[in-house]
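Inspection log for the structure reproduced underneath, given as structure tokens.
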Amino acid sequence: MIEFARHIPSLTTWRIIVLVVPALLAAQAGIARGQISEPVDVSRVREGVELLADVEDGAFAFDDEGFYWFCQFLRDNPDVFATSNCASDSAVPWRYLMERPSDYRGEEVCIEGRLLREQPEYEVRSRPGLGRLRQIDLGESGSQAIATLVLVDPPPTARRKSLVRTRAFFVKVRSFRSEAGVEGAGPLLVARSFEVIQPAAGGGASERRAPDGRQILMAMAGVTFTLFLLVVMMRRRAGAVASGDQEPRRERLITGTREDFEWLDDGADPPDDGPRPQA
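Using our numbering, you'd call the opening residue of the sequence shown number 10 and step up by one each time.
Following this line, the structure appears as structure tokens:
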């Protein structure tokens, strides 16, 4: 009996291990599965797909009911695209979306590209319940197409030219006109956010972090000190020039010596300093 009692703690420990370890493994498997959410059930987006049936490809505007429906769908269903992760080999080439938009319209796709620019977030006045939207433009290597990605959640911080990837709903092919006047087209998609696959190697001058207040104060102090030194040097130089101008005047005042006036005591004629004018 005593010997059995000695083994009770060890039995309890093994029982805990047997019960807890499988639960932990199952939880980790669930987390792993949650990292890439399950594909969206087609029946949940059937209404949005029907609204996109008459959408016009190649138009610049995307003020379409189907577009707003998918934005609202992501807003009302946080479980959809809970994570933006998707496998790299599942990324759909842009040309597929542009060549056959009807085959992908309203469907979930994985898309990746280089971050070109982020537009300021905005609200649609006619749809107050939609919330704030963010619009970003993506570029693709070897192509002049620009993909427009509309996000319902704040995206992570990413520098220009970073490689990003996301899961999104394809809406249509949209035309655009760049600031340089170049016209083109690209896919329009609605997503929750995106993930940065490859950060940009380096930022240009326009992408560097703006100086903080301390750096500005140090720069101002440096400029002030430099100006102070210049003023001191200029004042010293001005004083040296002024003293140099006064020295010759002192010399002219004391040029007369005793030898010059000895002729008065001797009664001699004054020294001949040269011809004198005739009276």
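Where is the CB? At the ideal position from N, CA and C, for every residue including glycine. Model, not experiment: these values are computed from the prediction.
Alpha-carbon to alpha-carbon, residue j and residue i
i	j	result
Ser-152	Phe-71	22 Å
Val-191	Ala-156	15 Å
Glu-127	Leu-236	42 Å
Asn-86	Val-232	56 Å
Pro-137	Val-180	21 Å
Ser-111	Thr-175	21 Å
Thr-166	Phe-76	25 Å
Met-229	Glu-117	54 Å
Ala-200	Ala-177	4 Å
Phe-234	Arg-244	15 Å
Gln-81	Leu-139	6 Å
Ile-145	Leu-61	22 Å
Glu-132	Val-241	58 Å
Leu-142	Phe-79	12 Å
Asp-63	Phe-69	15 Å
Glu-130	Ile-206	23 Å
Ser-184	Ser-202	23 Å
Arg-246	Met-227	29 Å
Leu-239	Gly-248	14 Å
Classification of residue i by the beta-carbon crowding that lies within 10 angstroms, buried from 16 upward
i	result
Ser-99	exposed
Ile-25	Note on Ile-25: pLDDT 38, under 50, position unreliable in the model; no value is reported.
Ser-150	exposed
Tyr-113	buried
Gly-115	buried
Arg-134	exposed
Glu-74	exposed
Leu-147	buried
Val-89	buried
Pro-163	exposed
Val-51	exposed
Ser-19	Annotation note: pLDDT 47 at Ser-19 (below 50); position unreliable, coordinate value reported separately. Exposed, because fewer than 16 other Cβ atoms sit within 10 Å of the Cβ of Ser-19.
Contact belief for residue i with residue j at Cβ below 8 Å, rounded distance in angstroms
i	j	result
Leu-158	Leu-198	5 Å
Val-161	Arg-84	5 Å
Asp-182	Met-107	According to the sequence shown, residue 182 is Val rather than Asp. Right, their Cβ atoms sit about 5 Å apart.
Own chain partners of residue i with C-beta closer than 6 Å, once the 5 adjacent residues on each side are dropped
i	result
Ala-209	Arg-168, Lys-170, Ser-171
Arg-186	Glu-192
Glu-56	none
Val-49	Val-89, Glu-117
Asp-66	Pro-110, Lys-181, Val-182
Glu-293	Outside the shown range of the chain, which is 10 to 288, sits residue 293, and nothing can be said about it.
Tyr-105	none
Element boundaries [alpha helix (DSSP H), containing residue i]
i	result
Gly-75	74-85
Val-58	55-60
Leu-139	Counting along the chain, Leu-139 falls outside any alpha helix (DSSP H), and DSSP gives it neither H nor E.
Ser-111	110-113
Contacts around residue i, its chain only, beta-carbon distance under 8 Å, and the 5 residues preceding and following it disregarded
i	result
Trp-103	Ile-120, Gly-122, Glu-149, Ser-152, Ala-154, Ala-156, Gly-195, Pro-196
Start and end residues, beta strand (DSSP E) containing residue i
i	result
Cys-119	117-127
Arg-183	172-186
Val-199	192-200
Gln-153	Neither: Gln-153 is in no beta strand (DSSP E) and is coded neither H nor E.
Glu-130	Where Glu-130 is concerned, there is no enclosing beta strand (DSSP E), given that its DSSP letter is neither H nor E.
Val-205	204-207
Contact set for residue i: own chain, Cβ-Cβ below 7 Å, skip 5 residues either direction
i	result
Leu-124	Ile-145, Leu-147, Ala-167, Arg-169, Lys-170, Ser-171, Val-173
Phe-13	Unreliable placement is indicated for Phe-13, whose pLDDT of 45 sits below 50; no coordinate value is reported for it.
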